[in-house]
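Residue numbers (UniProt numbering): 1 to 909. Backbone N, C-alpha and C fix where the C-beta goes; we use that ideal spot for every residue, glycine too. As C-alpha cells, the structure follows; a few thoughts come after it.
In C-alpha cells, the structure reads:
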C-alpha cells in the first residue's frame with residue numbers, strides 16, 4: 001500500500017484534479033501537491049524520505065516505470081506510408097487529398113519567421129512570463145519558463161504538454177510568425193469572427209507526450225506544421241476504431257466520449273498485437289513539414305523529442321456537409337461517423353430502414369454487415385466464440401463502410417428536430433450560433449447556396465421549416481420569402497424568418513404543449529397592452545396575424561387563433577389547460593405558470609410533450625418587420641453616449657412592462673392541481689407549511705415551491721454546465737442558497753395581515769442584445785444618412801424590444817439578469833443608468849433586514865440566488881465576463897462584484 005500510495009502518477013492525478021488555474025511544478029507531483037496544501041515544511045521534509053522494501057515486485061508498476069523512463073530512439077518511422085509532396089498546387093491538393101487521405105507537405109512554412117524563431121531557446125526570453133494552457137482536458141496553466149522547467153525535470157508516463165487555443169491573445173506576437181497556407185485558407189467559420197469556435201492551437205511537449213487517439217472536433221479537417229523536433233503519427237480512416245479504444249455515444253444528446261490509452265502506452269502495448277494488414281497509416285513528421293488530416297480520420301501522435309508545432313482546424317467546401325451533419329440532433333449518425341457500423345444497435349437499424357425509401361435489399365445488407373462486423377471486431381485475442389486467435393487479427397480494414405455524406409445521412413433520425421431536441425454539449429457551436437453561422441454563409445456566399453442548403457437541411461431540417469413557412473404565407477396571402485430569407489435567423493429559440501415587410505415566428509421550443517402556452521401567453525400580453533394603452537406598445541412590433549399550423553393525416557391545415565377559447569385541433573390533441581385558469585385566455589400566463597410548475601415539480605405526472613397524438617401542432621405569429629438593426633450587429637461600434645441612452649431606454653420600457661396589470665391566480669386552481677398530484681415537501685422545507693401561509697398570494701406560493709425544487713441537487717446541475725464555474729463554488733452552492741425561500745419574499749405585516757414586500761409583474765425573461773432593435777438617428781427609412789465628409793451617420797437610438805415568447809410573471813429582478821450579463825456586459829455604470837430610469841421598487845425592506853450583514857436585505861443576494869437557480873446557464877456567461885472571479889472563494893464575493901450596485905438602489909415606491 002505504501003508503494004502504491006507513493007506512486008507519482010497517483011499524486012499527479014490528485015494534484016491536477018485539485019488545481020484549476022496556474023500551477024508551478026516543484027520537482028515531483030507529490031511535492032507539488034503537498035505544497036498546494038500549505039503544509040508545514042517539516043512535514044514535507046518527512047514525506048521526502050522514502051522507505052525501502054526488499055523482495056517486492058509488480059509487473060504493473062514495472063510497466064509504468066518503463067513508460068516513465070524509456071527512450072524513443074527506435075520509434076522513428078522513416079519509411080512511413082503517408083505520401084510526401086513538395087510544392088503541391090491547390091488544384092492537386094483538392095483533387096487527390098482534400099477529404100480523401102492524409103498527406104505530408106513540404107515547403108509551406110519555408111518563409112515563416114517561426115521556422116527560425118520557434119525553438120525553446122528563442123521563446124523563453126520573449127515569452128517566459130506568459131501563461132499558456134496545459135493539455136486539452138485540464139483546467140491548468142503554467143508560465144512558459146515554469147513549463148520548460150517541468151519538461152526538464154519530469155519523468156511522467158504521460159507528460160503534460162502545452163495545448164493552448166488562446167495563445168493569440170496571451171502572446172499575439174506568435175500570430176505574426178506564421179500565415180495560414182494558401183491551400184487551407186477557405187474556412188467557413190471565418191464569418192463568425194470572434195464568435196467562431198476554437199480553431200488554432202500552440203502545441204509544445206517533451207518526448208513521450210502526445211495526443212491519444214481521437215477524431216478532430218465537429219468532423220473538421222486540420223493541418224499541423226512542426227517547427228521543432230519530431231512527431232510520430234498513426235492514422236485510421238473514418239469508421240475504423242483503433243484497437244484499445246472505446247467510443248461512447250450518449251443516446252440522449254449524442255455526446256461523444258472516447259476512452260483511449262496514452263499515445264506511448266498504445267504504441268508499447270497495443271501496436272505489437274496488430275497484424276500487418278491491421279496496422280495504421282504511419283509516418284514521422286520532421287521540422288518544417290505540414291501534415292493534413294482529413295475530416296473524420298482517427299489519429300494519434302507521439303512526440304519523439306521536444307516539439308513545437310502550430311495546428312488549425314477548418315471547415316471548407318469538402319467537409320462542410322459533414323460538419324453540419326455532426327451538429328444535427330440525435331446520436332446514431334454521430335456514432336457511425338466515428339465508429340462505423342460498430343455504433344449501430346437495433347434502434348439505429350429502425351432509423352436506417354425509415355430513411356431507405358425502397359431499398360430493402362440494401363437495408364438487409366447493412367443489417368448483415370453490422371452483425372458480421374461486430375463478430376469480427378472483438379478484443380484482439382478472441383473470435384466470436386470466445387476462443388483465442390493466434391494472430392490477434394481483427395480485420396479493421398475489411399468492413400463495408402463509406403464516409404460518404406449521403407450514406408451517413410441515412411443514420412440521422414429525421415424525427416428529431418434542431419429546435420426541440422437536446423443539444424449535444426460537445427458541438428462546435430450552440431443552437432443560436434449554428435443558425436447565425438448558416439445565415440451569414442447563405443447571405444455572403446450566393447455562389448455556394450446549393451451546398452449551404454444541403455448542410456442546413458442536415459443540421460436544421462431547413463427544408464421542413466421552409467415548407468411550413470410557405471403554407472403560412474399562402475394562407476395569409478403574403479409573398480413567399482426571397483432567396484435571401486429562406487433560412488431561419490439566429491435569434492431566439494424558435495424558427496424565425498425575416499422578410500422584407502414582416503417576420504414569421506413558428507413556435508417549436510419545448511414541444512407542442514409548451515409552444516401553445518408560449519403563443520397563448522404572448523397573445524394575452526398583447527391584449528393587455530392594448531386595453532391599458534401602455535406606452536410599451538409603441539416599442540413592440542405590431543402583430544399582423546397568429547394561428548396554428550397542424551399536420552393531420554398527411555395534410556397541412558391552418559386555423560387562425562387570437563389566443564381566446566380552445567381551438568378544436570387542440571381538443572383533438574388532448575391539450576386542455578388546468579380547470580379554473582384563464583377564462584378569456586385559456587392558454588394564457590396563468591395556465592403557462594401551472595404547466596411549468598407541473599413540469600418542474602412532477603415531470604412524471606400528467607401528459608408530456610411527446611403526446612401520442614398523430615397531429616403535429618405548430619403555432620405561429622406574424623409581426624411587422626422593424627426598421628434598423630439588432631444590437632448584436634452594432635454593439636462594437638456604438639458610442640458611449642448611445643449605450644447610456646440604451647440603458648435609459650431599457651429602464652423606461654421595463655418600468656412600463658412591470659407596471660402592467662397581470663391576471664390574478666385563484667386558490668382553487670392551485671389546490672385542485674395539487675390534490676391531483678399529492679405534493680408534500682422538497683429539500684427539507686415543508687410544502688404544506690407554504691400552503692398554510694394563507695395571506696401569501698397563490699402566485700408567490702408557486703414561486704417559492706419552484707425555487708425549492710430547483711435547489712434539489714443544485715451542485716449536480718451546475719457541474720454539468722459550463723466548465724468555467726469554479727469547483728469550490730459548486731460545492732458551496734447549496735449552503736449559499738436560502739434554507740427558507742419565504743425569506744426572499746420580504747414578508748411584512750400590515751393591519752394584522754402578512755404581505756409580500758416584492759413586486760409581482762410580467763417579465764420578459766430574455767432581454768438580450770439580439771432582442772433589441774436600434775434605428776439610426778439621422779436616417780431615412782432606417783438607412784444611415786450621408787454626412788458632410790462623405791461618411792455615414794454613426795449614432796443610433798433604441799426603438800423596439802423583440803421576442804416575447806418567453807413571457808411569464810414573477811419577481812421583476814429576473815429581468816435584470818440577462819440584461820445586465822448580456823446587454824450591459826456586467827458594466828455597473830450601465831446598470832446604474834438603467835435604475836435611474838426604472839424608478840420602481842424592487843423590494844421593501846423589513847425591520848428584520850435592517851442590519852448590514854443580513855443577506856436577505858441585499859438585492860444583490862436575491863439576484864445571485866436567481867442566477868444560480870436559473871434555467872439557462874447564465875453562470876457560464878457570468879464567469880466568462882468576470883474571468884477574475886473564477887478564482888473566487890465564496891459566492892458572496894461573486895455576488896457583490898456582479899450585483900453590488902443593486903444594494904445602492906432604493907427605488908421609488
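- A direct Cα-Cα distance of roughly 38 Å separates residue 709 from residue 135.
- CA-CA distance, residue 307 to residue 718, rounds to 37 Å.
- Counting only runs of 3+ residues, the beta strand (DSSP E) found wholly inside the stretch 178-241 occupies 200-205, 221-228 and 231-236, in chain order.
- The straight-line gap separating the alpha-carbon atoms of residue 885 and residue 859 is approximately 20 Å.
- Residue 901 counts as buried, since no fewer than 16 other beta carbons sit within 10 angstroms of its beta carbon.
- Counting along the chain, residue 776 sits inside the beta strand (DSSP E) bounded by residues 772-776.
- Annotated as proximal: residue 23 and residue 140, with beta-carbon spacing under 7 Å.
- Secondary structure note for residue 512: its alpha helix (DSSP H) is the uninterrupted segment 512-532.
- Around the beta carbon of residue 753, fewer than 16 other beta carbons sit within 10 angstroms, so the residue counts as exposed.
- Annotation: the stretch 45-120 contains the following complete segments of the alpha helix (DSSP H) (minimum length 4 residues), in chain order: 59-69, 90-96 and 114-117.
- Unbroken beta strand (DSSP E) runs of no fewer than 3 residues, entirely contained in the stretch 128-186, are found at 131-134, 140-143 and 162-164, following chain order.
- According to the DSSP secondary-structure assignment, residue 307 is paired through a beta bridge with 205.
- Assigned with DSSP and collapsed to three states, residue 892 falls in helix.
- The alpha-carbon of residue 407 is positioned some 18 Å away from that of residue 415.
- Residue pairing by DSSP puts residue 808 in a beta bridge opposite 763.
- For the pair of segments examined, the stretch 222-232 was found to touch the stretch 286-295: the number of CB pairs separated by less than 8 Å reaches three.
- Approximately 10 Å separates the beta-carbon atoms of residue 247 and residue 214; this is outside 8 Å, ruling out the contact.
- A direct Cα-to-Cα measurement between residue 433 and residue 507 gives close to 19 Å.
- Your pair residue 436 and residue 490 checks out as a contact, with CB atoms roughly 3 Å apart and the cut at 8 Å.
- Counting the other CB atoms within 10 Å of its CB gives residue 712 a total below 16, which places it among the exposed residues.
- In this structure, the beta-carbon distance from residue 706 to residue 854 does not fall below 7 Å.
- Here residue 765 is buried. Its C-beta has 16 or more other C-beta atoms within 10 Å.
- Nearest to residue 555 by alpha-carbon distance, out of 575, 542 and 617, is 617.
- For residue 331, the closest alpha carbon among the candidates 304, 294 and 425 is that of 425.
- Annotation: residue 420 is outside any alpha helix (DSSP H) and is labelled neither H nor E by DSSP.
- The closest CA to that of residue 413, considering only 478, 334 and 448, is found on 334.
- Rounded to the nearest whole angstrom, the CA to CA distance from residue 422 to residue 54 is 57 Å.
- Our two residues, residue 441 and residue 452, have alpha carbons roughly 7 Å apart in a direct line.
- Under the three-state reduction of DSSP output, residue 284 falls in the strand class.
- Remark: C-beta atoms of residue 520 and residue 475 do not approach each other more closely than 7 Å.
- In this structure, residue 472 sits near residue 620, with a CB-CB distance shorter than 7 Å.
- Secondary structure note for residue 297: it is in no beta strand (DSSP E), with a DSSP letter that is neither H nor E.
- With contacts defined as CB atoms closer than 7 Å, residue 487 and residue 462 qualify as a contacting pair.
- When the Cα atoms are used, residue 865 and residue 821 turn out to be separated by approximately 15 Å.
- A distance of 7 Å or more separates the beta carbons of residue 138 and residue 230.
- Straight-line measurement puts the Cα of residue 504 at about 8 Å from the Cα of residue 469.
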